[in-house]
Amino acid sequence: MPDTDPISTDLTELVQATPGVRIVYDAASTIGRVLDKVVDFVTGRESDTNPVVVKEPKSGTQVRVNIGVSDDESASDVCRRVHDAVAAYLEQQGDEASEISVKVCSIG
Amino acid sequence: MSNHSAEPADFSGDEPEGLDGHTIEELNDYLDRDRTPTDASIDNSPGCQIALGTLERLRGLTRTLLDRDALAEPERDDSWVSSILAGLTREVHAGRDIPITHGSPNARLSVTEGAVRGMIRAAGDSVGGIVTGRCRLEGDVTELGEPINVLVEANAFWVDRLADAEEDVRRAVRAELERHTDLNIEAIDVTIEDATASLASTE
Chain A
41 MPDTDPISTD LTELVQATPG VRIVYDAAST IGRVLDKVVD FVTGRESDTN PVVVKEPKSG
101 TQVRVNIGVS DDESASDVCR RVHDAVAAYL EQQGDEASEI SVKVCSIG
Chain B
511 MSNHSAEPAD FSGDEPEGLD GHTIEELNDY LDRDRTPTDA SIDNSPGCQI ALGTLERLRG
571 LTRTLLDRDA LAEPERDDSW VSSILAGLTR EVHAGRDIPI THGSPNARLS VTEGAVRGMI
631 RAAGDSVGGI VTGRCRLEGD VTELGEPINV LVEANAFWVD RLADAEEDVR RAVRAELERH
691 TDLNIEAIDV TIEDATASLA STE
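If you read the protein sequences in the order shown, they are chains A and B.
According to the working numbering, the first sequence is numbered sequentially starting from 41.
According to the working numbering, the second sequence is numbered sequentially starting from 511.
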């Protein structure tokens, strides 16, 4: 997980700056965060607390983003825009995404 | 495009996790304090944000009612407020994921049912004199193209004709659903109760 921190940080900033995005919610599950805290405690590491979750299994990078959008634009359009921004970023990094999940959790 | 697994809608009971451990009373207090000091657990909770939006609109209407002395009526029936607040906790939970189309096979795009219900309430409330209550999406919203029926319950104030108000709400809700989602809306059923009927009869 620590090796994904810079990507997660970059992606969090990227998503926050995407027009139409009002807020970036934590995309990690509660159980996942609790497990992270346990591992942090045991290993003494500092965990990734970015709301954008990045995982790198062998099948390719997986990104999970939860957002709230403003009411000014179509939520679907903003969702696609966020996906495309994330995909473009990963491509720039020479990374291939196996899955980019973007979920709109609030509108307005 | 993703194939999301179908999950049945559950409106059977309260789901406090929709407010991430907070209560409607706490959110009301937060608004009373003008959201200061900021509370990250509220600000970062989608359910709390949706509920705060509804509470703010409700407060706006209540102020207007007070201005009109409607709430000063001794025989007022404000059960509609209790009903909306009781349902709010249940309806802000995320619920099912509603897919959003995208050309990439690796894209998993969606909007939560809770976000859509919040948007529907805001659309209904945009019609003058209307406070939207319960909203339901009937049908398998997790599958693209499936026909969906939308049920909306609302309360009306200062509305000349309920039938006109119902049509206005229906039109506003449809426009917002078409703007924000890829849902295949088959029908929108709007039921409006005249919240001022008892008051009007005493005038």
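Note that beta-carbon positions come from the ideal geometry of N, C-alpha and C, so glycine has one too.
Given a cut-off of 9 Å on the beta-carbon distance, is the pair L687/B and V669/B in contact?
no
Helix, strand or coil at E653/B [DSSP, three-state]
coil
Let's test the definition: count the other Cβ atoms within 10 Å of the Cβ of F81/A and tell me whether it reaches 16, buried, or not, exposed.
exposed
Cα-Cα separation between D112/A and H690/B, rounded to whole angstroms:
10 Å
Within chain A, the residues that M628/B reaches when beta carbons sit closer than 9 Å
First, the amino acid is wrong: residue 628/B is Gly here, not Met. Near G628/B (Cβ distances below 9 Å), the residues of chain A are S146, I147 and G148.
In chain order, what residues of the same chain have a beta carbon less than 6 Å from the beta carbon of L654/B, not counting five sequence neighbours either side?
P609
9 Å Cβ cutoff, P42/A in contact with chain B
Any reading at P42/A needs caution, since the residue's pLDDT is 39, under 50, leaving its predicted position unreliable; the model's value is listed next. So, not an interface residue.
For E623/B, count the other beta carbons within 10 Å of its own beta carbon; 16 or more makes it buried, fewer makes it exposed. Which is it?
buried
Is there a Cβ from chain B that is less than 9 Å from the Cβ of G134/A?
no
Quick one, which residues of the stretch 535 to 561 of chain B are near chain A if we go by CB-CB under 7 Å, in chain order?
N554, P556, Q559 and I560
Counting only beta-carbon separations shorter than 9 Å, does I63/A have a partner in chain B?
yes
On the DSSP letters alone, give me the boundaries of the beta strand (DSSP E) that E648/B sits inside.
I640 to E648
Where T52/A falls: helix, strand or coil (DSSP):
helix
Between which two residues does the beta strand (DSSP E) harbouring V122/A extend?
That residue, V122/A, is in no beta strand (DSSP E); its alpha helix (DSSP H) goes A115 to Q132.
For the candidate residues G628/B, E663/B, I594/B and D577/B, whose alpha-carbon lies nearest to that of H603/B?
G628/B
Helix, strand or coil: how does DSSP classify A685/B here?
helix
Please report the straight-line C-alpha distance between V103/A and V61/A, rounded to a whole angstrom.
17 Å
Please return the same chain residues whose Cβ sits closer than 6 Å to the Cβ of L595/B, not counting the five positions on each side in sequence.
I534
Is DSSP giving P59/A helix, strand or coil here?
coil
In terms of residues, what are the limits of the alpha helix (DSSP H) holding L571/B?
P556 to D577
Pair within 9 Å by beta-carbon distance, I630/B and V683/B
yes
Using the C-alpha atoms, what's the distance from A632/B back to E625/B?
Per the sequence shown, the amino acid found at residue 625/B is Ala instead of Glu. Their backbone Cα atoms lie some 11 Å apart in a straight line.
Kindly indicate which residue of D135/A, I107/A, I63/A and V118/A has the alpha-carbon position closest to the one of P97/A.
D135/A
Chain B within 9 Å of V142/A, Cβ atoms only:
yes
Under 7 Å Cβ-Cβ, which residues of chain B neighbour S138/A?
N616
Please list, in chain order, the chain A residues whose beta carbon lies closer than 7 Å to that of A632/B.
G148
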